[in-house]
Every structure is written in structure tokens, then in C-alpha cells.
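Chains as they are written, first to last, in this note's numbering: chain A, 1 to 255; chain B, 1001 to 1284. Ideal Cβ placement from N, Cα and C applies to all residues, glycine included.
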Amino acid sequence: MESIESILEFNKTCVSYTKNTMAVKYVSAEIEKNSITAIMGPSGCGKSSLLRAVNLMHELYPNIKVEGEILLNGKNILSMNPIEVRRRIGMVFQRPTPFPTMSIQENVLAGFTLNGLRLDKYQREEIVENTLKSVSLWDEVKDVLNKKGTFLSGGQQQRLCIARALALKPDVLLMDEPTSALDPIATKHIEELLTELQKEVTILIVTHNMGQAKRISKRSMFMYLGELVEYDLTETMFSTPKDERTKEYLTGRMG
Amino acid sequence: MSDKIFKTILFLTASMIPLICGGIVYALVTDAYQAFEYFGFFKFLTSSEWSYTEGNEQYGAMPFITGTLMTTLLALLFCIPFSLPVALFTGEYFKGTKIASILSTIVDLLAGIPSIIYGLWGFFTLRPIIMALNISPQGSSILTASLVLAIMIVPYAASLSAEFIKMVPNDLKESAYSLGSTRAEVVRRVIFPVAGSGIFSSYILAIGRALGETMTVTMLIGNTNAIPDSITSTGNSMASIIANQFGEADGLRLSSLIAIGLILFLITATINMIGKIMIKHSRI
């Protein structure tokens, strides 16, 4: 693979849930800055485990061990303070998770309130408007900013969650099958949005929808049983997969 | 066929419950009627006299309503600083660990201790301390009763609120963590607000339990039939006045005691209903 301007680098990253079973086995890969990289693979292949290692989500669960290195701009995340890492690496989950007790506006600003960062009224309005515009939700919600986020449709809620993650201006946005709970139209919206957003933020997206990976990602990883089987430009991988397992997965014989 | 018989038996047994409940209400109302008729409903509620001089009997529920409300609210106040941390401990911080399950077992055990034992402990251990501290001369007081009452309702408030704290969806908590939030902030800004109405309702149900608690209160409240002028003075709750006097009462006095019982029943039923409704409408 040609050399790339990387922002994130996995170096022999391993994730294990119990002593003897590794969910992710020695994954090494460089993630290109300001692009979309997809992680594909059948259920249980370790793709979510790998993603959640990046923002140190595993540290919430004492049984889970992450080994190796994950470098963010050359610095090993695994030895950094998780709170600082998570402020710089946002995450969007499978199901939309707006905070049910907060209004739309409060949801966008949740990253600041939860970190105890104070903003004045002007800053708040600016962040809310700009962030909601960047996820193309502003026009739909600008008159109901004080309503609860849970009143929105699923697709709108997910865009609100993307906005909430983006408000902190992260370097990397992790997405764990962000459209699997959405209908095709909402999915299309999100995909278009991600294509736009990659100008500002590096996106690492887990998907088990091959079509999605093909449509939006520049590079793709294929994982199987915890191993990174193949990592290449998406176009190359879909037209000429090098590994037999990738080929089987992409042609639908495995999955 | 046997299915039909089984269904009939089930139906008959189940319909006993509303019947018994209705019977209790009916008995309370008919027996309390004499007191309400003699004094007038609102006069009875608001009067603070309780004298059984023959020929000039005066009965009013106010001292006991006050006593009950004071002990209950104080107990609630004392209970929160213990039950809330226990709920957080078992429902969030140490959720699923061995130490949490040991703690919740002990908490449940507390709920199973007969109230007479709490009463004895309060009478022989806590009361001398209150006396030694010069808080109240005989050691019996609204405060003494409330302290023991608080310990008694901790298990109810703690285990129910822990359930609501546990029910806060994990991905919601993870979302907050993914924004760089500390655990304390997640608790304060996500877990408490989301589980809030559930936690609130568990305290309402704990209140419902404290309102009717009889034995402990009777042993510790001092049994004075007047409106208590401070939390260190003696008093009587609605339940304790009934327990104290039902054996020797007849006629108008007995009817007045039963009227107090009816009022207590109505208050408790209302409080429990509010709690149940809140649980139904809780955000989780």
C-alpha cells in the first residue's frame, strides 16, 4: 500500500475479554487523515472491539485488556488519560442515544456540560447552530431547540448524536454501525453526511453492510475471527480481493 | 374441562382480594362514622384535643397527623444520605460484583428484621444515647423514633432505587463517557436525571412504609397526646395512638381511633398510588 498521511495507527493491537480468548489479534494498520475507513467482517469478528479500543471504551470494563499500541498523531493512546482521549475521539453508537432528559440544544452541548466546561450564551448559540448545520439538521430543528431530542425521528436522532460528538471538534469520529437501526432513506442521509464530514474529521466506521463500505469509504479493513485479514483501498478490495476469505465474504459465501 | 375448573378457582380466589379490601374500607367507614358525625369531619381533622373526661369527651386527629408527618419526613431526611449511596454502590459503581451482591443481600436482610427488634434496639441502645446527649430527658422523642424509622426504610428506598439506576441503558452511559465525561458527571448528569422519577418513586414508597410503621414508633415516640412543639419533644403518631389505646377504648373514643385509622389508610393508599403511577411514567 502506498504511504499515507496517517492520523491513527494500530500497532499489534490486541483486545481480550478473558485470559485465553482474544477478540482482536495483533492488528496493525494506518488510518488516513480526513478520509473514511470502513471496518467490515461477519458478526463476532472483533470489528467493534477494535473500534472501541480507540477511545478507550474498554477501560470502563476491568476484565477487558487492550495490548499493543494505538497511536494518535504518533502518541500512544493506551497510556493517555481516557478522558482526554475521548474528548479528541468522538463516538456514535448503533442505536441513536440522545440523552432523554436533555433538549436538542442541551444534547449538542452535552460534551461541554459533561466536562464541566462553561460557555457564554453567544458561544453556545454559535456551537449549536454551526454543529447542527454541519449535520444538516439545523433547518429541521431550529424552531424546536428546547424540545427533547427523543421526539425526533430515528435518523434525526442519529444526526443529533453525530452533532453531539462533533461539537467537541474531535480529530477522529468512531462509528459503530451507525445506520443499522435506521431506514434506507435515513441511512442515505447519514452516508451523504459522512462523505461531507470527512473534510473536517477522520472517520472510522464499523459496518456489516458491504454496500455501505463500498459507497462511502476510501479504504476498507476486512476482519475475520479477530484478525485483520485484508486492508486496502476499498475499490481494490472489492474488485480484486487478495485473500480467499475476503473474497468469500464479499461474494456473500460467508457472513 | 379441568381447564375450566382451574380458571373458575383462579377467578374466585382472585376476586377475594378486592372483596377483602372493600370489607376493610366498609368496616372502617361504618365504625368511624360516629366520631365524624359527633365532631364533624373537618373539626375532627383539625382539633388538637384528646381528652376522655366522661361527659366531655373531645377527640381530634391533629396531634397524631402532625406526629406521623414529622416522624415520616424526618425519617426520609435521615434515610437519603444512606440509601442513595447504597443504591449507587450496588446499582452503578460496583454493579454485578460480588461485593455489591453481598451488600444488597445485607440490605434486603435489614428489610426482613421484625419491627419489634428495631424497637428494642432503639429503646435500649439509641434512647440512652439520646438521653446522654441531653437531647431529650427521657430519650423518647419524635427524633428517636425518626432515626430508627430511617434505618428501617433504608432497604426499601435503596434496593428499589438501585433497580432504577441499573436500568439506565448502557449505551446512554457509554455515550456520556465517549464525550470525555468522568464517572461523577455521568452519575450527576445522565444516571440521576434518567433514573430520577424512578428514584423519586422509590422514596415515595418508602414514605408509604414509614407512615404506617407502628411498633417501633410506639416504643420510641413517648406517647403524648399533643401536637409536638419540636422534634425533640414527645408525641404520638396515628399508628401509635391506635396501638396504645384500642384495648381500653369504647364508644366515641373507639370510633375516633378508627377514624384516625381510616385517615391513615387514605393517606398511605394515596402515597402508594402516587409512587406506583410515578414508576409507570418513569422515563426508562
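In this chain, the alpha helix (DSSP H) harbouring residue 1039 of chain B covers 1002-1039.
1176, 1177, 1178, 1179, 1180, 1181, 1182, 1185, 1189, 1190, 1193, 1194: these are the residues of the segment 1176-1210 of chain B whose beta carbon lies less than 7 Å from some beta carbon of chain A, given in chain order.
Under the criterion of beta carbons closer than 8 Å, residue 166 of chain A and residue 195 of chain A do not qualify as touching, at roughly 15 Å. For the segment 91-114 of chain A, the set of positions with a beta-carbon nearer than 7 Å to some beta-carbon of chain B reads 91, 93, 95, 97, 99, 100, 101, 110, 111, 113, 114 in chain order. At a C-beta separation below 8 Å, residue 60 of chain A has these neighbours in chain B: 1174, 1177. In the structure shown, residue 1112 of chain B falls within a helical segment according to DSSP collapsed to helix, strand and coil. Excluding sequence positions up to five before and after residue 176 of chain A, its CB lies within less than 6 Å of the CB of 48, 51, 93, 94, 206, all in the same chain and listed in chain order. Close CB contacts of residue 1107 of chain B within its chain, under the 8 Å cut and outside five residues either way in sequence, are with 1086, 1090, 1154, 1155, 1158, 1159 (chain order).
The segment 198-214 of chain A makes contact with the segment 30-41 of chain A, as at least three CB pairs between them are under 8 Å.
CA-CA distance, residue 1104 of chain B to residue 1200 of chain B, rounds to 19 Å.
The Cβ atoms of residue 171 of chain A and residue 83 of chain A do not sit closer than 9 Å to each other. DSSP, read as helix, strand or coil, puts residue 156 of chain A in helix.
With at least 16 other beta carbons inside 10 angstroms of its own, residue 241 of chain A counts as buried.
Residues of the segment 134-165 of chain A whose Cβ lies closer than 8 Å to any Cβ of chain B, in chain order: 161, 164, 165. Take residue 127 of chain A, set aside five residues on each side of it, and the residues of its chain with a beta-carbon closer than 6 Å to its own are 167, in chain order. At least one beta carbon of chain B lies nearer than 9 Å to the beta carbon of residue 86 of chain A. Distance check between residue 21 of chain A and each of A/46, A/222, A/8, A/117 places A/46 closest, using alpha-carbon atoms only.
Flagged as an interface residue toward chain B: residue 168 of chain A, by a C-beta distance shorter than 9 Å. The segment 1139-1202 of chain B contains no complete beta strand (DSSP E) run of 3 or more residues.
Collapsing the DSSP output to three states places residue 1079 of chain B in a helix.
In this model, residue 161 of chain A and residue 1117 of chain B are separated by some 53 Å (Cα to Cα). Below 8 Å, too few C-beta pairs join the segment 67-82 of chain A and the segment 94-114 of chain A to call them touching: fewer than three. Here residue 63 of chain A carries a coil assignment [DSSP, helix/strand/coil].
For residue 1149 of chain B and residue 1210 of chain B, the gap between their C-alpha atoms comes out near 7 Å. Among the residues of chain B, none has a CB under 9 Å from the CB of residue 130 of chain A; the nearest is roughly 17 Å distant. The contact set of residue 1171 of chain B on chain A, defined by CB atoms closer than 7 Å, consists of 93, 95, 97 in chain order.
Around the beta carbon of residue 1059 of chain B, a 10 Å sphere encloses 16 or more other beta carbons of the protein chains shown; the residue is thus reported as buried. Scanning the segment 2-68 of chain A from its first residue to its last, the whole alpha helix (DSSP H) runs of 4-plus residues come out as 47-54. Between residue 1174 of chain B and residue 57 of chain A the beta-carbon gap is near 7 Å, inside 8 Å, which marks them as a contact. Residues of the same chain with a CB within less than 7 Å of the CB of residue 23 of chain A, apart from the 5 flanking positions on each side, are 15, 16, 17, 46, 49, 226 in chain order. For residue 1215 of chain B, the closest of B/1204, B/1187, B/1123, B/1076 by C-alpha to C-alpha distance is B/1123.
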